[in-house]
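Here's the structure we're looking at; comments come further down.
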Amino acid sequence: MASAVLPSGSQCAAAAAVAAAAAPPGLRLRLLLLLLSAAALIPTGDGQNLFTKDVTVIEGEVATISCQVNKSDDSVIQLLNPNRQTIYFRDFRPLKDSRFQLLNFSSSELKVSLTNVSISDEGRYFCQLYTDPPQESYTTITVLVPPRNLMIDIQKDTAVEGEEIEVNCTAMASKPATTIRWFKGNKELKGKSEVEEWSDMYTVTSQLMLKVHKEDDGVPVICQVEHPAVTGNLQTQRYLEVQYKPQVHIQMTYPLQGLTREGDALELTCEAIGKPQPVMVTWVRVDDEMPQHAVLSGPNLFINNLNKTDNGTYRCEASNIVGKAHSDYMLYVYDSRAGEEGAIRAVDHAVIGGVVAVVVFAMLCLLIILGRYFARHKGLFSLTSSPRIK
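Numbered according to mature numbering (1 follows the signal peptide of the UniProt record, and there is no 0), the sequence shown spans residues -47 to -1, 1 to 343.
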């Protein structure tokens, strides 16, 4: 007569789990609850052998869940979703979700992949080991969602220098909330952010108040997002358009040497730069009328046959819709002989310098000749001047 072998606690638990997996949906929940209640009555074993790790994954990518057993005794391993539905029982998948695929099954590991992860897949996933007593460990899947849209908006398309404008940047529907940084060119600026939460998703709006200057025209304002689901820099930008009043500069075109003498001609050019570009440039004579022989041609001023009565301050004025500006040129007309006298004095100084150089050279030559002469006749002078000895 064959003797009957009584099943162990782990074998009973495994058999009940198999029966629960094969049972109809209405009966399956009752069997699982009964199984968990029975597991609570089983004496405690030698410690936890079942381990797993938390998983962080970007939306749309693949999450890998691994249930690992340190000391395997061939007990059954099971994986459940956050709703306590069995995903895999050993290498069998009761759950009808094809995104779950078995990567590895052995007595020491149950590894499952979840493709095309969405925010609804977040939560705790349970690993169960049907030892005596049963063991359970859980892993938490965290889904990162990058911003779905990044928008920047400037209060005014065109600003005037000295004006303060408002710039807003919005990063929509991310998880967790994004961090927004502001840059004007390469310089970082500080904005003020507000976070709005809706259905576990976050929309961040950052506001920047910016006072613009003419140097800011054409400079980009950059909204940059930092988020754990974003690699590199995710950013958007807008270029500033700043209007400013003209900058005026007077250039002397003639005479080239800059010395204005009686009888000569004078030509001045007015250079004006602004945004928008000045359409009209005017010349006036400060505190006096313009000479009758002066000729005005756009930004140029010509005065022929200069004389002393032309002395004074000549002003170039330019304006646009932002404002107006001017630059002054002070004219002083020298005598017609001023240049000739200067040249004559220069020649006199050169002649005097040459004469002095010749005299010094002649004296040096004379000293050298005298020195050589006295050196040759030194002995003769000594014999002539010494007394005779009787």
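The C-beta atom is built at its ideal place from N, Cα and C for all residues, glycine as well.
Membership of S127 in the beta strand (DSSP E) is indicated by the continuous run 117 to 127. Here the alpha carbons of A126 and C80 stand approximately 32 Å from one another. When secondary structure is reduced to three states using DSSP, Y282 falls in the strand class. In the three-state reduction of the DSSP assignment, V308 falls in the helix class, which pools H, G and I. The residues N2, in chain order, have a CB closer than 6 Å to that of N23 in the same chain once the five nearest residues on each side in sequence are set aside. Distance check between K109 and each of T68, L32, L163, M283 places L163 closest, using alpha-carbon atoms only. Cβ neighbours of P35 within its own chain (closer than 6 Å, five residues either side excluded): G76, R77. Q88 and S51 have their C-alpha atoms roughly 27 Å apart. Annotated as proximal: D281 and T266, with beta-carbon spacing under 8 Å.
Contact check for A225 and F255: beta-carbon distance about 18 Å, past the 8 Å limit, so the pair fails to qualify. Counting C-beta atoms within 10 angstroms of its own C-beta, W236 has 16 or more neighbours from the protein chains shown and is therefore classed as buried.
In this chain, the beta strand (DSSP E) harbouring P199 covers 195 to 207. Beta-bridge analysis with DSSP links A247 to I256. Collapsing the DSSP output to three states places L320 in a helix. C122 is positioned such that its CB atom lies closer than 8 Å to that of C176. K137 sits away from M154, with the two beta carbons spaced by 8 Å or more. Judged by DSSP in its simplified three-state form, V15 adopts coil rather than helix or strand. Secondary structure at D170: coil, using DSSP grouped into helix, strand and coil.
Between T95 and the set K49, N102, P181, the nearest pair of CA atoms involves P181. Apart from sequence neighbours up to five positions away, the residues of its chain that approach M233 with a beta-carbon distance below 8 Å are A271, S272, ordered along the chain. Exposure of T206 is indicated by the presence of fewer than 16 other C-beta atoms within 10 angstroms of its C-beta. Within the model, the alpha-carbon separation for L187 versus L103 is close to 9 Å. Note that the C-beta distance between F53 and L33 is not below 8 Å. Annotation for K228: the continuous beta strand (DSSP E) segment containing it runs 219 to 228. Between L221 and Q230, the alpha-carbon positions lie close to 20 Å from each other.
Under the three-state reduction of DSSP, R101 is assigned to coil, being neither helix nor strand. Taking C-alpha positions only, L319 is separated from R325 by approximately 10 Å. In this structure, DSSP gives A182 a state outside helix and strand, which the three-state scheme calls coil. Taking the CA atoms as reference points, H202 sits about 22 Å from N257. Between D170 and K228 the beta-carbon gap is near 6 Å, inside 8 Å, which marks them as a contact. Rounded to the nearest angstrom, the gap between the Cα atoms of G185 and V178 is 10 Å. In the three-state DSSP reduction, V313 falls in the helix class (H, G or I). Shown here, I133 sits in a strand according to DSSP, grouped into three states. In the three-state DSSP reduction, T156 falls in the strand class (E or B).
A distance of 8 Å or more separates the beta carbons of A278 and Q196. Under the DSSP definition of a beta bridge, Q38 lacks any partner.
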